[in-house]
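For the sequence shown, the positions run 1 to 358 when full-length UniProt numbering is used. Built from N, CA and C at the ideal position, the CB exists for glycine as well.
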Amino acid sequence: MSDWSGILWLVVLLAGNAFFVGAEFAIMSARRSQIEPRAEAGSVRAKTTLAAMENVSLMLACSQLGITVCSLLILNVSEPAIHHLLAGPLSAVGISDDIAAPATFVLALLVVTFLHVTFGEMIPKNISVSTADKAALLLAPPLVFIGKLVKPVIFSLNWLANHIVRLFRIEPKDEVTSSFTLEEVQSIVQESTRSGLVDDQTGLINGALEFSAQTAGRIMVLRDALVTLQTAATPVDFERAVRRTGFSRFVLADDSGNLTGYMHVKDVISIPQESYQLPFAESRVRSLVNIGMDDEIEDALATMQRTGSHLARVISPDGGTRGVLFLEDVIEELVGEIRDATQATGLRRLGGQGTGED
Numbered sequence: 001m002s003d004w005s006g007i008l009w010l011v012v013l014l015a016g017n018a019f020f021v022g023a024e025f026a027i028m029s030a031r032r033s034q035i036e037p038r039a040e041a042g043s044v045r046a047k048t049t050l051a052a053m054e055n056v057s058l059m060l061a062c063s064q065l066g067i068t069v070c071s072l073l074i075l076n077v078s079e080p081a082i083h084h085l086l087a088g089p090l091s092a093v094g095i096s097d098d099i100a101a102p103a104t105f106v107l108a109l110l111v112v113t114f115l116h117v118t119f120g121e122m123i124p125k126n127i128s129v130s131t132a133d134k135a136a137l138l139l140a141p142p143l144v145f146i147g148k149l150v151k152p153v154i155f156s157l158n159w160l161a162n163h164i165v166r167l168f169r170i171e172p173k174d175e176v177t178s179s180f181t182l183e184e185v186q187s188i189v190q191e192s193t194r195s196g197l198v199d200d201q202t203g204l205i206n207g208a209l210e211f212s213a214q215t216a217g218r219i220m221v222l223r224d225a226l227v228t229l230q231t232a233a234t235p236v237d238f239e240r241a242v243r244r245t246g247f248s249r250f251v252l253a254d255d256s257g258n259l260t261g262y263m264h265v266k267d268v269i270s271i272p273q274e275s276y277q278l279p280f281a282e283s284r285v286r287s288l289v290n291i292g293m294d295d296e297i298e299d300a301l302a303t304m305q306r307t308g309s310h311l312a313r314v315i316s317p318d319g320g321t322r323g324v325l326f327l328e329d330v331i332e333e334l335v336g337e338i339r340d341a342t343q344a345t346g347l348r349r350l351g352g353q354g355t356g357e358d
């Protein structure tokens, strides 16, 4: 092989090394949320990219195999060519062969290392990380094709690597993690708010992010703090309680203190005047759905929505009733304090007793 052929192979191998490095970082950095819409629109390239992201372990094995092969060949092919090209000028200036031989080897090694690290590693890595989605769509399909050609090799290497990783009690992943954790999103919002990129004066964004961290037991109204009516209460008793407290919903309790249901002011308005002195009909009393104290607030909200209940009985692990969760309080965890015309002016709200309209 001539010296110039060696230089040509150096360029080809650097390009190959750059391709495998770029593909590796692109697949690791790309976000599924940016690729999936293209795949759903029918893009074959996007579908292939998603397949690569779902089999990231095999794709990384293919990339590493390509990088290793290219790196070894670069040194073996290009070093002799550069060595010979540099030996002539050194001899021409009168440097003896004993000195020229090690000097040209060191120079060739430095030149190859510089080209390999700069053009074969750092530049493609930076480009892929900066434009991850575009780079993944461009580089993933040919990498998948190469992976199919050398599948037996990379499958064996990947199987061996995964079993070695498991020896350290670490479970290898086959799919790229393409979502942020709750803590990461909260950190992004806080930093964006500080820098002025996001305006969250109402706290709506932070409220939504912290929503999942709440449990029913943390925002419920304790049993002893509830303003209740007896099951034998009449619409007249209800109206008196509304005038006294400003609340629009009241839980009904029997003589033993068990919570049997609840009534809303709208239910009382529809009662005929001649029945105002009679206890509420059982058919008019709204039921309380049961939820656990440790239920996450979004799960409690889903249960209340599914059953159509605006109030939920919060049950402790031992089966006792610890309090009541109001739908209004759940919503306020997300959007902040809710006030409406049914709330009496100047009255202090007692922990979600139900001042809001449903």
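Report the rounded CA-to-CA distance for Thr118 versus Lys125, giving the unit in angstroms.
-> 10 Å
Going along the chain, which residues of its own chain have a beta-carbon closer than 7 Å to the beta-carbon of Ala23, five neighbours each way excluded?
-> Ser63, Leu139, Ala140 and Leu143
Can you list, in chain order, the stretches of the beta strand (DSSP E) that have 3 or more residues and sit fully within the region 285-333?
-> 289-292, 311-315 and 321-326
Let me know if Phe145 comes out buried or exposed under the rule of 16 or more other beta-carbons within 10 Å of its beta-carbon.
-> exposed
Name the two residues that bound the continuous alpha helix (DSSP H) containing Arg249.
-> Looking at the DSSP string, Arg249 is not in any alpha helix (DSSP H); the run it does join, the beta strand (DSSP E), is Arg249 to Ala253.
Please classify Arg218: is it buried, with 16 or more other beta-carbons within 10 angstroms of its beta-carbon, or exposed?
-> Around the beta carbon of Arg218, fewer than 16 other beta carbons lie within 10 angstroms, which makes this residue exposed.
Report yes if the CB atom of Leu288 is closer than 8 Å to the CB atom of Arg313, and no otherwise.
-> Result yes, Cβ atoms of Leu288 and Arg313 sit closer than 8 Å.
Given a threshold of 16 other Cβ atoms within 10 Å of its Cβ, counted over all protein chains shown, does Asp294 qualify as buried or as exposed?
-> exposed
Taking the C-alpha atoms as reference points, what is the distance between Ser33 and Val265?
-> Computed Cα separation, rounded: 46 Å.
How many Å lie between Ser128 and Ala87 at the Cα?
-> So the two alpha carbons sit approximately 38 Å from each other.
Report the rounded CA-to-CA distance for Gly308 versus Ala300, giving the unit in angstroms.
-> 12 Å
Pair within 8 Å by beta-carbon distance, Ile291 and Leu259 = no
What did DSSP end up calling Met53 once you bin it into helix, strand or coil?
-> Residue state, collapsed to three classes: helix.
Under the three-state reduction of DSSP, which class applies to Thr113: helix, strand or coil?
-> helix
Tell me the start and end of each unbroken alpha helix (DSSP H) in the region 14-81 that is at least 4 residues and wholly inside, in chain order.
-> 32-40 and 44-54
CA-CA distance, Leu350 and Ser256?
-> Summary for Leu350: the model assigns pLDDT 33, below 50, so the residue's position carries little reliability; its value from the coordinates is reported in the next sentence. Spanning the two alpha carbons is a distance of roughly 23 Å.
Three-pair Cβ contact test at 8 Å for the region 94-108 versus the region 37-56 = Using a C-beta cut-off of 8 Å, the region 94-108 makes no contact with the region 37-56, since fewer than three inter-stretch Cβ pairs fall below that distance.
Measure the CB-CB distance between Glu296 and Val268 and report whether it falls below 8 Å.
-> no
Identity of the residue in Leu157, Ser2 and Ala15 nearest Leu65 by Cα = Leu157
Compare the beta carbon distance of Arg322 and Arg249 with 8 Å and say whether it is the shorter of the two.
-> no
Within 10 angstroms of its Cβ, does Glu274 collect 16 or more other Cβ (buried), or is it exposed?
-> exposed
Can you name, in chain order, every residue of its own chain whose Cβ lies under 8 Å from the Cβ of Ile123, other than the five neighbours on each side?
-> Ala18
Can you list, in chain order, the residues of its chain whose CB lies under 6 Å from that of Leu182, leaving out five sequence neighbours each side?
-> Residue placement at Leu182 cannot be trusted, given a pLDDT of 47 that sits under 50; what the coordinates show is reported in the next sentence. Cβ neighbours of Leu182 beyond the five flanking positions: none.
So is Thr202 buried or exposed if we call it buried at 16+ other beta carbons inside 10 Å?
-> Model confidence at Thr202 stands at a pLDDT of 49, short of 50, so the residue's coordinates are unreliable; what they give is reported in the following sentence. Classification for Thr202: exposed.
Within 10 angstroms of its Cβ, does Glu282 collect 16 or more other Cβ (buried), or is it exposed?
-> exposed
May I ask you to report which of helix, strand or coil DSSP gives Gly6?
-> helix
Ser78 to Gly6 span [Cα, whole Å] = 5 Å
Whole-angstrom distance between Thr68 and Trp4, CA atom to CA atom = 23 Å
Could you tell me which residues DSSP pairs with Gly261 in its beta bridges?
-> Leu252
Would you report the Cα separation of Thr345 and Ala241, rounded to the nearest angstrom?
-> Reliability of the predicted coordinates at Thr345 is poor, the pLDDT of 33 falling under 50, and no value is obtained from them.
Counterpart residues of Pro118 in DSSP-defined beta bridges | First, the residue type needs correcting, since residue 118 is Thr and not Pro in the sequence shown. In the DSSP output, where bridge partners are listed per residue, Thr118 has none listed.
What residue range is occupied by the uninterrupted alpha helix (DSSP H) comprising Leu149?
-> Looking at the DSSP string, the run of the alpha helix (DSSP H) that includes Leu149 is Ala132 to Leu149.
Taking only the alpha-carbon atoms, compute the straight-line gap between Leu252 and Gly246 and give it to the nearest angstrom.
-> 17 Å
Going by the CB atoms, is the gap between Val236 and Tyr276 shorter than 8 Å?
-> Between Tyr276 and Val236, the gap from beta carbon to beta carbon is short of 8 Å.
With distances taken between CB atoms, is the gap from Leu75 to Val112 smaller than 8 Å?
-> yes
Nearest-angstrom beta carbon gap, Leu14 and His116 [assumed within contact, 8 Å] = 7 Å
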